[in-house]
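Per UniProt numbering, residue 33 is the first one in the sequence shown, and the count goes up by one each step.
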Amino acid sequence: MDYTEGKGWHDPRIVPYAPLELDPSCMVLHYGQAIFEGLKAYKTKNGEILLFRPEKNMERVNSSNDRLVIPRIDVDFGVKAIKELVRVDADWIPDAPGTSLYIRPFIIATDPYLGVRPSDTYKFIIILSPVGAYYKEGINPVKIYVESNYVRAVKGGLGYAKTVANYASSLKAQVEAKHAGYTQVLWLDGIEKKYIEEVGTMNVFFKINGEVITPALEGSILPGITRMSTIELLRKSGIPVTERKISIRELYDAHASGKLDEAFGTGTAAVISPIGEFNWNGASITVNEGKIGPVAAKVYETITGIQSGDLADTYGWTQKVL
Ligand code: PMP
């Protein structure tokens, strides 16, 4: 679908996957005016196809759009477009458990203009790709490198938007963490490098002294849909969750006093990733002997159960495509 200033969004269409033709001076290539989303379609045992809270992804599109000065897209229209496309490619979803169809909606600025200003034209595109099960042989805990040199976002910046620049700025830290033997980076706040923000592509949760804690949304972290769902389901199950500032020092102190019971990441790709180890400036700690804890296991079983249709969706989170 295209956007033209004065005309609005127009010409929605489904076309075969193919390279895009773009003007070399189109604005996205130079100024990064682009946003994207990621969600999955799941096939149930009886052949239905479900989406998990797709309206939340479209709402996040608009929040990212507002920050990047891209015109909004009607949420219902966006969800309808995703469903129509998934129907076309439904046969691509393999039957193996845990497999799904990854959906990547994105918007790029297409105006051919070599000056810094918002574009007058855009393209909203949705592409799909089948993906295998994230965990093939049981849930693996991840090893996390606490990043002290680079920062991902600061308040007032782009942190809460799902925009390309956030991922570009994270690459160097990610490469260095991988080189040191770690799976992902844990970002600290961009000013004091003191408070925990999020992991590369996940939000983070901790269970300390019986309390489930996750960093509050203060503008510099992505408001994850799995994060939101985790908070809702824990609260409904009678497990309180506190959204607040938590410093890396508090985490290490809790570990030292034997009170750090669990740490896990939440995100569309894995749903839940238990964190087995943190390394902060060379000091390494192990959480729950590197195993998944009961809170993370409960969230994982409930969310994946709802997504796969194995558990009744008492939350009204899924939408049927077929
Ligand atoms: N933080 C970042 C930076 C991410 O890229 C993602 C993945 N979209 C998340 C958190 C988790 O968000 P969600 O649960 O919506 O996938």
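Positions of the beta carbon are idealized from the N, C-alpha and C atoms, including for glycine.
Predicted model, so just to flag it, every value in this text is computed and none were measured.
Here arginine 136 is bridged, per DSSP, to Ile159.
In the DSSP annotation of this structure, lysine 77 is not part of any alpha helix (DSSP H), being labelled neither H nor E. A check of alpha carbon separations from alanine 193 across Gly297, Ile257 and Arg267 identifies Ile257 as the nearest. For isoleucine 253, the CB falls within less than 8 Å of some heavy atom of the ligand PMP. The count of Cβ pairs closer than 8 Å, one atom from the stretch 297-308 and one from the stretch 228-236, reaches three, so the stretches are in contact.
In the three-state scheme derived from DSSP, where H, G and I count as helix and E and B as strand, proline 144 is classed as strand. With fewer than 16 neighbouring CB atoms inside 10 Å of its own CB, threonine 274 falls in the exposed class. DSSP places glycine 297 in the strand class (E or B) of the three-state scheme. A distance filter of 6 Å between CB atoms and the heavy atoms of the ligand PMP selects the following residues in sequence order: Gly70, Glu230, Thr233, Met234, Asn235, Leu254, Gly256, Ile257, Thr258, Arg259, Thr298, Gly299 and Thr300.
In the three-state scheme derived from DSSP, where H, G and I count as helix and E and B as strand, isoleucine 317 is classed as strand. By the criterion of at least three beta-carbon pairs nearer than 8 Å, the stretch 214-233 is in contact with the stretch 173-182. A straight line joining the alpha-carbon of glycine 348 with that of arginine 85 spans about 9 Å. If one requires a minimum length of 4 residues, the alpha helix (DSSP H) runs lying completely within the stretch 156-229 are 196-211, in chain order. Per DSSP, reduced to three states, the secondary structure at valine 47 is coil, with no helix or strand assignment.
Membership of tyrosine 63 in the alpha helix (DSSP H) is indicated by the continuous run 59-63.
Within the same chain, Val273 come within 7 Å of arginine 267 by CB-CB distance, once the 5 residues on both sides are set aside. Using a Cβ-Cβ distance cut-off of 8 Å, the stretch 308-319 and the stretch 34-45 are not in contact, since fewer than three pairs of beta carbons, one from each stretch, lie closer than that value. If you look at valine 303, you'll find it in the beta strand (DSSP E) that goes 303-312. From the listed residues Gly188, Ser180 and Ser279, the smallest Cα separation to alanine 209 is found for Ser180. Less than 9 Å separates the beta-carbon of threonine 153 from that of threonine 142. Counting every other CB atom within 10 Å of its CB across the protein chains shown gives proline 247 a total of 16 or more, marking it as buried. When Cβ pairs closer than 8 Å are counted between the two stretches, the stretch 283-297 is seen to touch the stretch 318-327, the count reaching three or more.
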